[in-house]
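The listed protein sequences correspond, in order, to chains A and B. With positions in the first sequence counted from 1, the corresponding number in the numbering used here is that position plus 1461. With positions in the second sequence counted from 1, the corresponding number in the numbering used here is that position plus 2. Below is one structure, written out as structure tokens; comments come after it.
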Amino acid sequence: MDTLNLLLDGFSNALTPQNLLYACIGVLLGTFVGVLPGIGPAMTVALLLPITYGLDATQSFIMFAGILYGGMYGGSTTSILLNTPGESSSVMTAIEGNKMAKAGRGAQALATAAIGSFIAGTIGTLLVAFFTPAIAEQAVKIGAASYFAIMLLSVVLVTSVLGESKLRGFIGLFIGLTIGLVGLDLSTGQPRLTAGMLELADGIDIVVVAVGVFAIGEALWTAAHLRRRPIEVIPVGQPFMRRDDWRRSWGPWLRGTAIGFPFGAVPAGGAETPTFLSYVLERRLQKPGKDQEQFGEGAIEGVAGPEAANNASAAGMFVPLLALGLPVTATAAVIIAAMRTYGIQPGPTLMADQPELVWTLLASLLIGNTLLLVINLPLAPLWARLLQIPRPQLYAGILFFASLGAYSVNQDPYDLALLLVFGGVGFAIRRFGIPVLPLILGVILGPLMEQKMREALDLSNGDISGLFNEPLAVFVYVLIVLVVVAPYVLGFIRSRRSAP
Amino acid sequence: MTTPVTTPAPRVDRAQYGLAALLAVVGVYTIVDARGLNVGFGDPIGPRVFPYVIGAVMILLAVLLAVATSRGDVPEAEAGEDVDLTVRADWLTVGKLVGVMVLNLLFINLLGWAITGALLFAGCAWSLGSRTLVRDLIVGAVMSVSSWYFFWVVLDVPLSPGILDGIL
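Below is the structure:
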């Protein structure tokens, strides 16, 4: 019951008329930006980060929660109405969702996506509220060596599990780690990789990296390959669901939530796997015959399940974020960057040091989620019209707001130059198929990993055994080896078996 | 995937050699830079170890990439809603956009965000093929002036007023 009381306290902090206004603005802006083609949730959050700078921490978190959910729902709208998912987590939604839209059932697809997201987000956030304190309590006891090992596990998982090419994943990770090195060494105060430039001594602002790599990189990459023919947008009416749609949706919503949350909570990163699993599960669960044939022709279950899984895993990412300070998705990385601008360092002690802030954030997430449903169901036809913004103005707008955001951090043109440099990096990684997520995680986690590594080795007086002298650390290293080696061993066994 | 008999000459993405070289240079520079750091007395680890590891792995990755490239490994460029990968890269458009953004950062403190922001929007739209320059300028001006006031009034962040100081 303790948790419930704390959460209620959080609500009483978050639920003032002024804060609700910020939440509404957040949802509206988040959906507005998220709906624009080519912009996923992480980029939405990064682009809109600067507008929360002038607010105090509580208000900005509330606005942020709205932006986050708005951005995610905006992405689903795009994939249902355009059939071109902006990011990998919406791929599954697009399959059935776009078929539904083409069959004139776009309104139902948007409705089941919105309500499913709401249910999954609410259950997921409540689970975060109940799990995180217990995990954080244990996490405080974790020593530097184990903490280092867990971070290593997290980056290895994200880098090697996701994406087509492990080599490219690791290249992305090490580009990020190199960027994270830039600046003054924290314990000796010596500049590293600054090439003598004073501006670089403070390190590189993660917001500038994120906006550069996501927004500028995306805009430049798209500009180089701009589709010159117009894309078809399916007009949509007011979202609603018939009784039959409700009957078919509630099961997938709950199952999707159950699949999505654990995947978000373990540091394996990403919503790709749970959305895929949810889609396959819903398809399997159909009775053979007429129902099953509907899959591929626009089955509402195929939208409801993956959308719920997507949102539940987004809620799940708050468990490692709040309990350990570990970001496992690009969106989480940007959220950590945002927290740091308020002088908040997410980590095991956050729950104990600033409980009020954490509970307010969790309450804000629930509020943002509810507002999303209330605001966006009526506004869906309006959002759909946004998809028709002419592309030159759309990408000009992205570049405009990205520049505004980077400049507003310090009001220094130098940041605009840095933004352009990272736009170049963003362009290059898209050209060479290098995933963005490991890069961003490298920037965020690199300095933290170094800090923990040095702490652990300081204790052992520089002896390498300092990294292995905790049982948990050893266990995690075994896990890392298994994760890296297992696929090869399995592949080897399979090839032996299939050979005569 | 494997067509053992009629294997066409593997398509080599030459640009990837360039990337590998660049990564190797970054790795070497990281190590060289770290060599110049002092390790404090009584500090068993110091600020060098981590960059050494990163630089060394970076060089290793560069070599692996070069080997993979020579074996015909081609990257899977990122697709997207408005991305048409079947056309050749349009470097002229990219160049124009970069040019507009460079002009923005050069003049932002002199002219102020209200002016350069508007020019930035209109310039980018023009680079991307819009031919409604006057309308874009008006839209850009509305956006830049209103964002200037938004940051000033709501967020208390003064963006550069430039030559419009006192007018805005």
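Ideal Cβ placement from N, Cα and C applies to all residues, glycine included. On a predicted model such as this, the values are computed, not experimentally measured, just so you know.
Since residue i contacts residue j with CB under 8 Å, what's their CB separation in whole angstroms?
| i | j | result |
| --- | --- | --- |
| G1(B) | V14(B) | For residue 1(B) there is no data in the structure shown, the boundaries of chain B being 3 and 170. |
| P1511(A) | I110(B) | About 15 Å; that fails the 8 Å criterion. |
| G1907(A) | L1642(A) | 7 Å |
| S1621(A) | V1945(A) | 6 Å |
| M1812(A) | P1594(A) | 6 Å |
| A1863(A) | I1677(A) | 6 Å |
| L105(B) | F1893(A) | Going by Cβ atoms, the distance from L105(B) to F1893(A) rounds to 28 Å, so no, they are not a contact pair. |
| E80(B) | W1682(A) | 7 Å |
| L1468(A) | A1597(A) | Not confirmed; about 15 Å, so no contact. |
| A1934(A) | A1610(A) | 4 Å |
| T1718(A) | I1584(A) | 5 Å |
| G1487(A) | M1524(A) | 4 Å |
| A1568(A) | F1472(A) | About 32 Å separates the two Cβ atoms, so there is no contact after all. |
For chain B, check one thing: does any of its Cβ atoms lie closer than 8 Å to the Cβ of residue i?
| i | result |
| --- | --- |
| I1632(A) | yes |
| F1861(A) | yes |
| D1646(A) | yes |
| E1660(A) | no |
| A1938(A) | At residue 1938(A) the sequence reads Tyr, which differs from the Ala that was named. No, its Cβ sits nowhere closer than 8 Å to a Cβ of chain B. |
| W1682(A) | yes |
| F1893(A) | yes |
| Q1651(A) | yes |
| A1685(A) | yes |
| Q1479(A) | no |
| Y1868(A) | yes |
| R1955(A) | no |
| F1609(A) | no |
| G1527(A) | no |
Near residue i, which residues of its chain fall below 7 Å by C-beta distance, leaving aside the five closest residues on each side in sequence?
| i | result |
| --- | --- |
| T1810(A) | V1601 |
| G1927(A) | A1606, A1917, L1918, L1920 and S1921 |
| A1947(A) | none |
| L1940(A) | L1614 |
| L113(B) | G164 and I165 |
| D1734(A) | The displayed chain sequence assigns Thr, not Asp, to residue 1734(A). Within the same chain, T1734(A) has close Cβ partners F1724. |
Look up residue i in the DSSP assignment and say whether it is helix, strand or coil.
| i | result |
| --- | --- |
| V7(B) | For V7(B), the pLDDT reaches just 47, beneath the cut-off of 50, and the residue's location in the model is therefore unreliable, leaving the point undetermined. |
| L1645(A) | strand |
| P46(B) | coil |
| V85(B) | strand |
| P1478(A) | helix |
| L1687(A) | strand |
| R1703(A) | coil |
| R1716(A) | helix |
| R1566(A) | helix |
| R16(B) | helix |
| R133(B) | coil |
| V1807(A) | Val is not the amino acid found at residue 1807(A); the sequence shown has Pro there. Three-state result, P1807(A): coil. |
| P1969(A) | A question about residue 1969(A) goes unanswered here, because the residues of chain A that appear run from 1462 up to 1961. |
| P1788(A) | coil |
| P1502(A) | helix |
Taking Cβ positions only, does residue i come closer than 8 Å to chain A?
| i | result |
| --- | --- |
| G168(B) | no |
| F123(B) | yes |
| G101(B) | no |
| I47(B) | yes |
| G74(B) | no |
| I33(B) | no |
| T9(B) | Because the pLDDT at T9(B) is just 48, under 50, the model does not fix this residue reliably, and the point stays unresolved. |
| I117(B) | no |
| V14(B) | no |
| S149(B) | yes |
| F52(B) | yes |
| L113(B) | no |
| I140(B) | no |
| P163(B) | no |
Cutting at 8 Å between CB atoms, please list the residues of its own chain near residue i, excluding the five before and the five after it.
| i | result |
| --- | --- |
| K1563(A) | I1695 and G1759 |
| L1782(A) | P1788, V1789, A1793, I1796, I1797 and P1807 |
Just to confirm my understanding: we take residue i, look at its own chain, exclude 5 residues before and 5 after, and list those with CB closer than 6 Å. What are they?
| i | result |
| --- | --- |
| G48(B) | V41 |
| R1744(A) | F1756 |
| N1771(A) | S1550, A1732 and T1736 |
| task | Count the CB pairs spanning the segment 31 to 39 of chain B and the segment 89 to 101 of chain B that are closer than 8 Å, and state whether there are at least three. | result | no
| task | Could you tell me whether the segment 1851 to 1871 of chain A touches the segment 115 to 133 of chain B, where touching means 3 or more Cβ pairs closer than 8 Å? | result | yes
| query | Is it a yes or a no for the segment 1707 to 1715 of chain A touching the segment 1522 to 1530 of chain A, going by three-plus beta-carbon pairs under 8 Å? | reply | no
| query | Counting Cβ pairs closer than 8 Å, one from the segment 1819 to 1835 of chain A and one from the segment 1550 to 1559 of chain A, do we hit at least three? | reply | no
| said: Count Cβ pairs between the segment 1486 to 1494 of chain A and the segment 1770 to 1779 of chain A that sit closer than 8 Å; are there 3 or more? | reply: no
| query | Okay, do the segment 1656 to 1663 of chain A and the segment 1898 to 1912 of chain A touch, 3+ Cβ pairs below 8 Å being the bar? | reply | no
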